[in-house]
Amino acid sequence: MTEQTSSFALQLRDDGVAVITMDVPGERMNVLKATFADEIKTLLAELKQNSSIKGVVIISGKPDSFIAGADISMLDGCNSAEEAEAIARLGQQVFADIEQLKVPVVAAIHGPCLGGGLELAMACHQRVVSDDGKTVLGLPEVQLGLLPGSGGTQRLPKLVGLQKALDMMLTGKQLRAKQALKAGLADAMVPNSILLDAAVQLALSGKKPVHEPKLNLVGKLLEKTGPGRGIVFDQARKQTLAKTHGNYPAPLKILQVIRAGIDKGMQQGLAAEAKAFGELCMTPESKALRSLFFATTEMKKESGAGDAKPRTLRKVAVLGGGLMGGGIASVTATKAGLPVRIKDIQQQGIANALAYGYQLLDKKAKRGFMRRTELQKQMALMTGTTDYSGFHDVDLVVEAVFEDLELKQSMVADIEQHCKEDTIFASNTSSLPIGQIAAKAKRPENVIGLHYFSPVDKMPLVEVIAHQGTSPETIATTVAFARKQGKTPIVVKDGAGFYVNRILALYMNEAAQLLLQGEPIEKLDKALVKFGFPVGPITLLDEVGIDVGAKIGPILQGELGERFAAPAAFDKLLADGRKGKKSSKGFYLYSGKAKGKKPVDASVYPLLGITPSPKLSSEELVQRTTVQMLNEAARCLEEGVIASARDGDIGAIFGIGFPPFLGGPFRYMDSLGAAKLVELLKGYEAKFGARFTPCDLLMTMAEQGQRFYN
1 MTEQTSSFAL
11 QLRDDGVAVI
21 TMDVPGERMN
31 VLKATFADEI
41 KTLLAELKQN
51 SSIKGVVIIS
61 GKPDSFIAGA
71 DISMLDGCNS
81 AEEAEAIARL
91 GQQVFADIEQ
101 LKVPVVAAIH
111 GPCLGGGLEL
121 AMACHQRVVS
131 DDGKTVLGLP
141 EVQLGLLPGS
151 GGTQRLPKLV
161 GLQKALDMML
171 TGKQLRAKQA
181 LKAGLADAMV
191 PNSILLDAAV
201 QLALSGKKPV
211 HEPKLNLVGK
221 LLEKTGPGRG
231 IVFDQARKQT
241 LAKTHGNYPA
251 PLKILQVIRA
261 GIDKGMQQGL
271 AAEAKAFGEL
281 CMTPESKALR
291 SLFFATTEMK
301 KESGAGDAKP
311 RTLRKVAVLG
321 GGLMGGGIAS
331 VTATKAGLPV
341 RIKDIQQQGI
351 ANALAYGYQL
361 LDKKAKRGFM
371 RRTELQKQMA
381 LMTGTTDYSG
391 FHDVDLVVEA
401 VFEDLELKQS
411 MVADIEQHCK
421 EDTIFASNTS
431 SLPIGQIAAK
441 AKRPENVIGL
451 HYFSPVDKMP
461 LVEVIAHQGT
471 SPETIATTVA
481 FARKQGKTPI
491 VVKDGAGFYV
501 NRILALYMNE
511 AAQLLLQGEP
521 IEKLDKALVK
531 FGFPVGPITL
541 LDEVGIDVGA
551 KIGPILQGEL
561 GERFAAPAAF
571 DKLLADGRKG
581 KKSSKGFYLY
591 SGKAKGKKPV
601 DASVYPLLGI
611 TPSPKLSSEE
621 LVQRTTVQML
631 NEAARCLEEG
641 VIASARDGDI
651 GAIFGIGFPP
661 FLGGPFRYMD
671 SLGAAKLVEL
681 LKGYEAKFGA
691 RFTPCDLLMT
701 MAEQGQRFYN
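Counted from 1, the sequence shown has number 224 at position 224 by UniProt numbering; the numbering is strictly sequential.
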């Protein structure tokens, strides 16, 4: 017998097991909504009344997911902390009702089991997971500026122990099936083909086991004693503040709420959890992080070229076996699952690219994230050549050679000669206009920019750059390809520096100006990291390469004007062989094997003719560098380089690590107010000249009291 509500079906099997199947209509993945509470309560009431039921299994009707989490959009409808708190309390009550059923309740988990989905699973008495690579379990609410609000903060430590629970909740870390089993979060792991059968057997066992975290002797001393727990919480707080610099309120609330439950009991913990959930929901940090989530979700539905449809890609090639080429080839094979042909002028370049791809896969295999057979299968997708053999049937070529216009134009000609008529040529240039690269092409409609950020395997953003002659189909196909690689693509207008490097260049130049005024390197970096950037501007210059900055600077200055002029003193760095991390010589010292923070190379100061002397406050260092970036971001929107403030925010956060809790440069400008920003820029313009002149768009917005977002 099967009964179907709108999102839940109840099947009463002959063996006495009730199977609840969740399948939310119209959604690719199951998400929990507050409106489901009445449906679930009705089902549970029916189960309680039926004395023939021996056990319950909760499973998903979706082919590749259990429950991806709660519906975040319902939180945007809350006008107060009390309203959000009520949503949390409702979730807590529903899950408590599941937990209190007299018969065993088993969650059968295949695919993502995240957020509210894992909270539901933890309210069940046991959990069976599929051994599929798609199966992951986690509580990622902290990434939205929130905490688990339906009992997760109280149940997870009981299952996996305090330290593991803190690690998962404070970072949003997800466990694969094997890890979940080892941690005690799952009770069994089976192939997906027998997932339901295994869950039914557990439900029929009649057991409702009491779970005890798997702890060694040190773990027991730390987690089972008051002083030990005090040490764990103190260390967690110190590490959290060192990482977040106090910019994110959610991690500290998570610590408070977990401690409330441990010290005062589950009911007090649940009350603290619901209250903290409501408070966090109203914070500007959570609103900014949720806006980012909605923006990226919305972008996934767009082709980047209106109604144009992407072509199907069957084979890809990469020109250049350097670090970028190797990274692009790797994500093409491992994420997109496409065969990729790597061409380099030397066998060593191909060997390096293949070795780089192998290293990335080997790390996953060693950590148990993939089987060796899967590693070999993915490596087999990557092949190499020093000529154009095997290029006749390539659908898309990514060029990743160094920044030389003539070289890139010759590459276009080679591809047009050796590949199909509709083969797309995507250039990974970081600064050269795509129109110039396509200037001598026979088929310019196939030429496009595809700008990756280093390291390719970690950085989520790519810029898709269409010149005036690029066809809509080429744009749509390239955007779809980038998504298959696991990237977040933004479509930007052609022009020197495109969007991300353009706004970054002025920020970096201003940091350099401050350095030449005598502000110490470590003070500059520390100020911007505390503001929310992942690394400071001087560290970033060492990481990217001082030589790369020197190459890009003149291109931007020539195309966009004098405000992009880099300090001439930096030529002395290159003359001294200082390219940064790659040459183990830059602003920081790279000698020795010691890990952690690198010391400043003090010899750089006399080389640049500087005597370090801190004069400005950290706030002014932040202000002078960031207003340059904000002004240029607004100018890019004004010129149509980016299509919207949304794209500009995603590009800055995913491309250069603009502080996510601020929502991106455009949301940050809204929080400052255009009038305030113009006032700051004019003040600096009076002191330092035209590089601080506010753009016309900001001037208009300041006069009319406008915002980028309504």
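Even for Gly, the Cβ is constructed at its ideal location relative to N, Cα and C.
Small disclaimer: the values here were computed from a predicted structure and weren't measured.
Under the Cβ criterion (8 Å, minimum of three pairs), the region 382 to 402 counts as touching the region 319 to 329. Non-local beta-carbon contacts of residue 120 in its own chain, meaning distances under 8 Å to residues more than five positions away in sequence, involve 32, 58, 67, 95, 98, 107 and 150 in chain order. By the C-beta criterion, the region 276 to 292 is judged to be in contact with the region 654 to 661, since at least 3 inter-stretch pairs fall below 8 Å. In the structure shown, the three-state DSSP call for residue 453 is coil. Measuring C-alpha to C-alpha distances from residue 258 to each of 123, 678, 155 and 499 identifies 155 as the nearest. The beta carbon of residue 533 lies closer than 6 Å to those of 657 in the same chain, with the five residues before and after it left out. Every unbroken stretch of the alpha helix (DSSP H) spanning 4 or more residues and falling wholly within the region 33 to 57 is given here in chain order: 37 to 49. Rounded to whole angstroms, the gap between the alpha carbons of residue 200 and residue 143 is 35 Å. For residue 425, the uninterrupted beta strand (DSSP E) run begins and ends at 424 to 427, by DSSP.
Between the region 299 to 319 and the region 328 to 348, the count of Cβ pairs shorter than 8 Å is three or higher; the stretches touch. If you look at residue 413, you'll find it in the alpha helix (DSSP H) that goes 405 to 418. In chain order, 365 place their CB closer than 8 Å to the CB of residue 372, counting only its own chain and leaving out the 5 sequence neighbours on each side. Per DSSP, the continuous beta strand (DSSP E) segment holding residue 130 begins and ends at 126 to 130.
Restricting attention to alpha helix (DSSP H) runs no shorter than 4 residues, the region 560 to 644 encloses them at 571 to 575, 604 to 608 and 618 to 638, ordered along the chain.
Going by beta carbons, residue 491 and residue 503 fall outside the 8 Å limit. Residue 180 counts as buried, since at least 16 other C-beta atoms from the protein chains shown sit within 10 angstroms of its C-beta.
Annotation note: the region 636 to 703 contains the following uninterrupted alpha helix (DSSP H) runs of length 4 or greater, listed N- to C-terminal: 645 to 656, 665 to 672 and 674 to 688.
CA-to-CA, the gap between residue 300 and residue 482 works out to about 11 Å. Each of 196, 394 and 227 was checked against the Cα of residue 127, and the nearest Cα belongs to 196. Straight-line spacing of the CA atoms in residue 391 and residue 384 works out to 11 Å. Contact between the region 633 to 651 and the region 688 to 698 is present: 3 or more CB-CB pairs across the two stretches fall below 8 Å. Exclusion of the five residues before and after residue 699 leaves 678 as the residues of its chain whose Cβ lies within less than 8 Å of its Cβ.
Residue state for residue 73 is assigned as helix, using DSSP reduced to three classes.
According to DSSP, residue pairing for residue 447 in a beta bridge involves 425.
Rounded to the nearest angstrom, the gap between the Cα atoms of residue 404 and residue 466 is 19 Å. By the neighbour-count criterion, in which 16 or more other beta carbons inside 10 Å mark a residue as buried, residue 312 falls on the exposed side. In the three-state scheme derived from DSSP, where H, G and I count as helix and E and B as strand, residue 299 is classed as helix. Contiguous beta strand (DSSP E) elements confined to the region 383 to 407 occur at 396 to 399, taking only those with 3 or more residues.
Burial check for residue 190: the Cβ neighbour count within 10 Å reaches 16 or more, so the residue is buried. Scanning its chain for C-beta atoms nearer than 7 Å, with the 5 sequence neighbours on each side dropped, one finds around residue 442 the residues 416, in chain order.
When the five nearest sequence neighbours on each side are left out, the beta carbons in the same chain lying within less than 7 Å of the beta carbon of residue 478 are those of 424, 426, 448, 450 and 464, in order along the chain. Residue 707 holds the alpha-carbon nearest to the alpha-carbon of residue 667 among 84, 707 and 347. Secondary-structure assignment with DSSP links residue 22 through a beta bridge to 8 and 60. Burial is judged here by how many other beta carbons sit within 10 angstroms of a residue's own beta carbon; residue 277 has at least 16 and is buried. Residue 171 and residue 261 have their C-alpha atoms spaced approximately 20 Å apart. Residue 570 sits away from residue 496, with the two beta carbons spaced by 8 Å or more.
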